[in-house]
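Chemist: The structure is given below, and queries will be raised subsequently.
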Amino acid sequence: RAPRRAEPRGNPGSFDELHRLCKEVFPPQMEGVKLIVTKTLSSHFQVTHTVHMSTLGPSGYRFNATYVGDRQLGPTEVFPTLLGDMDSAGSLNAQALHLLGERLRAKAVFQTHQAKFVTWQFDGEYRGDDCTATLTLGNPDLLGGSVIVVAHFLQSVTARLVLGGELVYHRRPGEEGAILTLAGKYSAPNWVTTLNVGYGGAHASYYHRANEQVQVGVELEANTRLQETTFAFGYQLNLPRANVVFRGLLDSNWSVGGVLEKKLPPLPVTLALGAFLNHWRNRFHCGFSVTVG
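The sequence shown begins at 68 in the numbering used here and counts up one residue at a time.
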């Protein structure tokens with residue numbers, strides 16, 4: 068009998084995407100009326116116009132521009148990539164991603180509030196055959212002596228098990244500290260479970276794909292500093308024949324909500340209707356959006 072080959076371990080991905088599958092099941096928060104128009108100007112350039120009218124928060128207009136290069140490593144990885152988003156008040160969010168080598172990626176993030184810089188961040192990521200290492204510098208100020216350093220590392224122990232950790236170090240005049248968080252992820256053919264445990268608390272998630280139409284997710288977060296624990300259950304129903312996707316949630320704060328998305332082929336239009344109700348605080352809000360493009 069031929070010896071059984073071991074499954075390839077593969078790259079574990081980035082630390083920020085450990086809970087991605089579970090979070091995508093939950094519906095996005097919607098409130099007010101939103102119109103999104105996306106225009107593809109070329110194979111490299113795309114612009115998006117967003118108008119949001121809200122009764123709870125400020126209403127306004129946002130303009131987004133995206134440029135992608137020629138080097139594509141995957142369905143969602145194209146380098147270089149430049150993203151810019153500006154609102155009607157003049158606040159800017161900008162990102163730049165570049166591939167320095169076959170395994171080395173660089174990222175820069177800038178955020179302003181009107182004419183004042185709020186955040187500037189620089190990331191460097193190394194992706195090996197079975198590991199990922201990331202180093203982030205947030206708001207570095209050499210003159211003021213303040214900086215935030217975040218280090219991530221993930222290792223594929225087996226084809227299904229990923230272990231790693233996160234180290235956050237912050238320093239400013241009169242204050243200095245570090246927080247260590249350990250992480251683990253186990254992937255099966257139909258389900259994924261993830262756990263983060265650190266000094267500040269724990270975050271656990273479970274994702275299960277029942278079939279092509281039904282997906283469910285469960286999240287549990289415990290915060291030791293605030294002495295509180297929250298639980299949330301989400302689900303997603305896909306109806307391909309009707310071009311409908313429904314996402315719903317139920318959490319321990321007595322909140323229920325759902326978002327229904329409906330595509331209108333052959334038109335490039337997507338309609339979304341969402342409603343959320345908090346029984347404990349007696350709060351209700353709903354939203355409606357139209358996406359063109």
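Don't be surprised by glycine CBs; every beta carbon is placed ideally from N, CA and C. For clarity, every value in this text was computed on a predicted model and none was experimentally measured.
Between GLN181 and the rest of its own chain, which residues show a CB-CB distance below 7 Å, the 5 nearest in sequence each way excluded?
Modeler: ALA156, GLY157 and SER158
Chemist: Measure the beta-carbon distance from GLN231 to ILE246 and round it to whole angstroms, keeping in mind my assumption that it falls under 8 Å.
Modeler: Correcting the residue identity first, residue 231 is Gly in this sequence and not Gln. Contact doesn't hold; Cβ gap of about 15 Å is too wide.
Chemist: Does the segment 234-245 come into contact with the segment 114-124, if we say contact requires no fewer than three beta-carbon pairs (one atom in each stretch) closer than 8 Å?
Modeler: no
Chemist: For VAL135, does the three-state DSSP call read helix, strand or coil?
Modeler: strand
Chemist: Rounded to whole angstroms, what's the CA-CA distance from TYR273 to HIS86? Just pull it up for me.
Modeler: 9 Å
Chemist: Would LEU221 pass as a contact of PRO79 if the rule is Cβ separation under 8 Å?
Modeler: yes
Chemist: If you follow the alpha helix (DSSP H) that ARG87 is in, where does it begin and where does it stop?
Modeler: 87-92
Chemist: Shorter than 8 Å from the beta carbon of VAL104 to some beta carbon of chain B?
Modeler: Absent from the structure: chain B. Only one protein chain is present.
Chemist: Classify GLU84 as helix, strand or coil using the three-state DSSP reduction.
Modeler: helix
Chemist: Entirely within the segment 146-206 and at least 3 residues each: give me those beta strand (DSSP E) ranges in chain order.
Modeler: Unbroken beta strand (DSSP E) runs of no fewer than 3 residues, entirely contained in the segment 146-206, are found at 159-166, 171-180 and 183-194, following chain order.
Chemist: Given this structure, state the Cα-to-Cα distance separating ARG172 from LEU204, to the nearest angstrom.
Modeler: 14 Å
Chemist: So, for ASN320: in the same chain, excluding its five sequence neighbours on each side, which residues have a beta-carbon less than 7 Å away from its beta-carbon?
Modeler: Only THR297, ASN345 and TRP347 meet the Cβ criterion.
Chemist: Where does ASP309 fall in DSSP's three states?
Modeler: Here residue 309 turns out to be Ala, not Asp, going by the sequence shown. Helix at ALA309.
Chemist: On the premise that PHE82 lies in contact with ALA250, defined as a C-beta separation below 8 Å, what is that separation, rounded to the nearest angstrom?
Modeler: 7 Å
Chemist: Please classify TYR128: is it buried, with 16 or more other beta-carbons within 10 angstroms of its beta-carbon, or exposed?
Modeler: It counts as exposed.
Chemist: Considering just the uninterrupted stretch of the beta strand (DSSP E) at THR117, what are its terminal residues?
Modeler: 112-120
Chemist: Given this structure, state the Cα-to-Cα distance separating PRO70 from VAL326, to the nearest angstrom.
Modeler: Unreliable placement is indicated for PRO70, whose pLDDT of 47 sits below 50; the coordinate value is still reported in the next sentence. Looking at the two C-alpha atoms, the distance is approximately 50 Å.
Chemist: Report buried or exposed for GLU295, applying the criterion of at least 16 other Cβ atoms within 10 angstroms of its Cβ.
Modeler: exposed
Chemist: Using only alpha-carbon positions, find the residue among VAL235, PHE189, GLU243 and TYR193 that is nearest to GLY212.
Modeler: GLU243
Chemist: Excluding sequence positions up to five away, which residues of its chain have a Cβ less than 7 Å from the Cβ of LEU167?
Modeler: ALA173
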